[in-house]
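Converting from the sequence shown to this note's numbering requires adding 759 to each position, the first position being numbered 1.
Every residue, glycine too, gets a C-beta built ideally from N, C-alpha and C.
Accompanying notes for the structure given below.
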Amino acid sequence: MSLNEALKLRKQLDSNIPTVGVFIDAPLAVMKNAYTSGAISYLQLHGNESEETIKTLQNMGSNVINVVHHASNLKSIADYVMLDSSNGLGITPDWHHLPAIHRPWILAGGLTNTNIAEAVALTHPSIVDVSSGVETDGIKDLHKITEIINTAHNLQ
Ligand SMILES: O=C(O)c1ccccc1N[C@@H]1O[C@H](COP(=O)(O)O)[C@@H](O)[C@H]1O
């Protein structure tokens with residue numbers, strides 16, 4: 760998505776709703792621009808971004824979500840870590856063998872309305888994140904989004 764498209768979408772959204780930009784090893788200038796233009800409030804980094812890059816983005820004022828593919832990599836100076844088995848391919852991590860995680864963290868990867876209760880009960884994340892699980896034919900589906908939000912809100 761171009762910066763202009765992101766800015767257009769930002770304008771259509773309630774200003775109280777934070778927006779997240781998803782990046783994989785993007786140039787620092789691109790990520791900085793996305794943040795300073797006001798298009799996004801959080802940067803979600805799915806590549807091999809260095810600690811130095813994360814620090815630079817945080818010093819700009821942005822919150823940074825560092826995505827890791829294995830629970831053994833959950834140490835990061837980022838504001839949040841997200842555990843996701845893949846990069847948006849809808850593959851679930853192994854929820855049964857996660858170590859206890861003593862920091863705010865986000866569970867992602869293949870969550871759907873039918874598996875979210877089990878995933879949360881087994882892993883106790885601070886936040887859940889879902890993308891392909893609320894799509895039909897690659898397009899976000901309002902019915903699926905409403906359904907999973909209701910399910911999540913009813914979890915203990
Ligand atoms: O969705 C994508 O195309 C994507 C591409 C590259 C990196 C991440 C991507 N998506 C993000 O991945 C997580 C989990 O997605 P899913 O629920 O498994 O489909 C989510 O944050 C997506 O925004």
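- Measure the CB-CB distance between G869 and T851 and report whether it falls below 8 Å. yes
- Message: If I follow the unbroken beta strand (DSSP E) through L842, where does it start and stop?
- Response: 839–842
- Message: Give me the residue from K767, A788, S844, P777 with the minimum Cα distance to H805.
- Response: S844
- Mind pulling the alpha helix (DSSP H) runs of 4 or more residues that sit fully within the region 830–897? 875–882
- Message: Can you tell me whether I824 is buried or exposed? The criterion is at least 16 other CB atoms within 10 Å of its CB, across all chains shown.
- Response: buried
- Task: Kindly list the residues whose CB is nearer than 8 Å to the CB of I907, restricted to its own chain and excluding five residues on each side of it in sequence; keep chain order.
- Result: L870, T871, N872, I875, V889, G892, V893
- Query: Is the beta carbon of I799 within less than 7 Å of some heavy atom of ligand 1?
  - Reply: no
- Task: Go ahead and label I776 buried or exposed: buried means 16 or more other beta carbons lie within 10 angstroms of its beta carbon, across all protein chains shown.
- Result: exposed
- Item | Bridge-paired residues (DSSP) for L804 | F782, N825
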